[in-house]
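Below is one structure; the comments refer to it alone.
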Amino acid sequence: MDAERRTNADCLESIKEVVAGGVSSSMRAAAVPVPLVVRRADGCLLRDVEDNELVDFNMGYGPHLFGYADRDVADAVADQFTKGHMTGLPHELDAEAGSLIAELVPGVEQVRFANSGTEAVASVLRLARATTGRSLVVTFDGHYHGWSETVLRAGSKTTFQIKGARPTDVVPGAPGMIPEALAHTAQLPWNDAEAVKELFARDGGRIAAVILEPVLTNAGVIPPVPGFLELLRDLTSRSGAMLIFDEVITGFRVARGGAQEFYGVEPDLTVLSKVMGGGFPVAAFGGRKNAMRMLATNEAYHAGVYAGNHAALRAVVTMLTKIRALPGLYDELESVGAGAENALREVFAAEKRPVHINRVGTLMCVALLKKPLEKNDTLRDLTEAIDFSRHRRLQVLAQREGVYFHPNALEPWFLSTAHTGDVLDKAAGALRRGLTELG
Ligand SMILES: Cc1ncc(COP(=O)(O)O)c(C=O)c1O
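Structure representation (structure tokens):
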């Protein structure tokens, strides 16, 4: 068949023949109920194999602060490929990339690089356990820290909508996991200060680390309630546990120095990825030198053939140099976010649909509701109010009309500097037509 004339459905079928389920991340399996096979991506626009153009609010799950196909990153990485991009030896780029992160992120003096958020989280937890000599790690419901064995729980992103599951249940998140792997992971409801205090009072001496997304981005974009991050900082410091911010999404996005700068709370260790690489697969974890000591002295272990390869670090240097050089960038991003939020609110209001929109800068949760939402600090309140199946139906209709967002109503929408002007009008029009059809 002529490749130019294939449909999304045809193409997806041929992908499924050779790629199990048609996707290389189980996270994506439910992301596109109507087949969508991409041919190009520019700015915030996707072009599929049928030549339809869609405004994208999922944006590859978050790395593209300046939109797809950013020339600076593309040119720099292409140049690095011609110079040798992977030798497994130290390179001047290690110092450049590390210095930029240390300059921009308040709690980081030293880093280690990795290839993905999952790897970086697995390594940072191992480092925290090695440093403290303790095993218990505290997590929060709805927070996602990748798919490694000690953090993928039911109650995390994959399965937190399981009927009857309580926020404190710690159940393996996928078939094939060793049940005992989660024996040293506790889970608490997000923003529940009393639950945290109770756990520390009972088990403080056993806790190696508390890990969290400082804004619960992966389920509802729920910010911390005032004082919650400070409470975690205080309790971890007093009990000798490490506070870890998973800033895979918030890093370099909610502020130049991430959520730790935005909220003014410094963790012991930080995980970074996404925006830092501008779409290139790269991650890092780091902290002050004393927190990284066991890696510096080679008493702890973190490895990877491709970790910190020169192409990935060239992408990091390019993105962070650019971010550092744009003084008004975060004001611009805030106004992009406000513009998008207003445009969306107008569409839902015009169609008289109850909608919930949570926004922190360029991160949004946009969800159709079945009942009014009075309180929005907890995942449970939000989950009970959202009309998930109607939201999914809206996604299908909106996609046909030219706008793509994730069908799970709790997933974050990601904006970039490209989400302005005509593109936003186009998205609003497509969404309005989708809502009309939804009836
Ligand atoms: C907060 C957070 N941590 C960790 C991860 C895992 O990163 P990766 O998918 O690169 O392994 C993600 C992925 O979306 C994430 O959002």
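In this text, residue positions in the sequence shown follow the working numbering: the first is 263, and each later residue adds one. Ideal Cβ placement from N, Cα and C applies to all residues, glycine included.
If you drop the 5 nearest sequence neighbours on each side, which residues of the same chain put their C-beta closer than 6 Å to that of residue i?
{"i": "P297", "result": "N270, A271, L274"}
{"i": "L497", "result": "F462"}
{"i": "A392", "result": "M556, A562"}
{"i": "A680", "result": "G305, C306, G329"}
{"i": "D318", "result": "C306, L308, Y666"}
{"i": "K551", "result": "E371, Q372"}
{"i": "R695", "result": "E663"}
{"i": "A690", "result": "A605, V609"}
{"i": "T420", "result": "For T420, the pLDDT reaches just 45, beneath the cut-off of 50, and the residue's location in the model is therefore unreliable, although a value from the coordinates is still provided. Closer than 6 Å at the Cβ level, and outside the excluded window around T420, lie G435."}
{"i": "G408", "result": "G379, T380, V383"}
{"i": "L625", "result": "T479, V483, P674"}
{"i": "G324", "result": "I511, K536, F676"}
{"i": "R302", "result": "R309"}
In this structure, does DSSP put residue i in helix, strand or coil?
{"i": "A384", "result": "helix"}
{"i": "L308", "result": "strand"}
{"i": "A542", "result": "Reading the sequence as shown, one finds Phe at residue 542 and not Ala. F542: coil per DSSP, three-state reduction."}
{"i": "D649", "result": "coil"}
{"i": "R576", "result": "helix"}
{"i": "R267", "result": "helix"}
{"i": "I484", "result": "strand"}
{"i": "V367", "result": "coil"}
{"i": "R654", "result": "helix"}
{"i": "R374", "result": "strand"}
{"i": "E315", "result": "strand"}
{"i": "R515", "result": "coil"}
{"i": "L478", "result": "strand"}
{"i": "Y330", "result": "strand"}
{"i": "N604", "result": "helix"}
{"i": "Y563", "result": "coil"}
{"i": "K637", "result": "coil"}
{"i": "G404", "result": "coil"}
{"i": "T698", "result": "helix"}
{"i": "V285", "result": "coil"}
{"i": "D643", "result": "helix"}
Please name the residue or residues paired with residue i in a DSSP beta bridge.
{"i": "I473", "result": "I506"}
{"i": "H251", "result": "Limits of the chain in this structure are 263 at one end and 701 at the other, which puts residue 251 out of reach."}
{"i": "L434", "result": "The residue asked about is misnamed: residue 434 is Pro in this sequence, not Leu. For P434, which the question treats as bridged, DSSP gives the partners R415."}
{"i": "F676", "result": "L625"}
{"i": "T447", "result": "V399"}
{"i": "L531", "result": "I506, G549"}
{"i": "A303", "result": "L308"}
{"i": "V665", "result": "V317"}
On the criterion of 16 or more Cβ atoms from any shown chain inside 10 Å, does residue i qualify as buried, or is it exposed?
{"i": "V339", "result": "buried"}
{"i": "V281", "result": "exposed"}
{"i": "N571", "result": "buried"}
{"i": "P441", "result": "exposed"}
{"i": "N560", "result": "exposed"}
{"i": "S678", "result": "buried"}
{"i": "D454", "result": "buried"}
{"i": "F676", "result": "buried"}
{"i": "P451", "result": "buried"}
{"i": "P488", "result": "exposed"}
{"i": "S708", "result": "Here the chain covers residues 263 to 701 and nothing more, so residue 708 does not appear."}
{"i": "R415", "result": "buried"}
{"i": "P476", "result": "buried"}
{"i": "S276", "result": "exposed"}
{"i": "T580", "result": "buried"}
{"i": "T344", "result": "exposed"}
Can you round the beta-carbon distance between residue i and residue j to whole angstroms, since I take them to be within the 8 Å contact cut?
{"i": "V383", "j": "V432", "result": "Actually they do not touch by this definition, with Cβ atoms about 16 Å apart."}
{"i": "E646", "j": "R621", "result": "Wrong, their Cβ atoms sit about 21 Å apart, outside the cutoff."}
{"i": "A605", "j": "L656", "result": "About 16 Å separates the two Cβ atoms, so there is no contact after all."}
{"i": "V294", "j": "G541", "result": "In fact, because the Cβ distance is near 19 Å, the residues do not count as touching under 8 Å."}
{"i": "A660", "j": "L631", "result": "Contact doesn't hold; Cβ gap of about 17 Å is too wide."}
{"i": "T233", "j": "T401", "result": "There is simply no residue 233 to check, as the chain begins at 263 and stops at 701 in what is shown."}
{"i": "L352", "j": "V483", "result": "With the sequence shown as reference, residue 352 is identified as Pro, and Leu is not the correct amino acid for it. Between V483 and P352 the Cβ distance is about 39 Å, and since that is not below 8 Å, they are no contact."}
{"i": "L327", "j": "V537", "result": "5 Å"}
{"i": "A629", "j": "L697", "result": "In fact, because the Cβ distance is near 13 Å, the residues do not count as touching under 8 Å."}
For residue i, which residues from the same chain have a beta carbon less than 8 Å from its beta carbon, with the 5 sequence-adjacent residues on both sides left out?
{"i": "R586", "result": "L362, E365, L366, R518"}
{"i": "V567", "result": "G350"}
{"i": "A292", "result": "P669, N670"}
{"i": "K637", "result": "D643"}
{"i": "D341", "result": "R576"}
{"i": "S501", "result": "F462, G466, G467, I469"}
{"i": "A574", "result": "F375, N377, G539, F542, P543, V544, Y568"}
{"i": "K278", "result": "G284"}
Got a sec? Which residues, its chain only, sit under 7 Å from residue i by beta carbon, not counting five neighbours each side?
{"i": "G623", "result": "R515, V516, L595, E596, G599"}
{"i": "V370", "result": "I363, A364, T532, G548, G549"}
{"i": "F524", "result": "V516, A517"}
{"i": "M554", "result": "Q372, G548"}
{"i": "L588", "result": "none"}
{"i": "P529", "result": "G369, L505, I506, F507, Q522"}
{"i": "K584", "result": "D334"}
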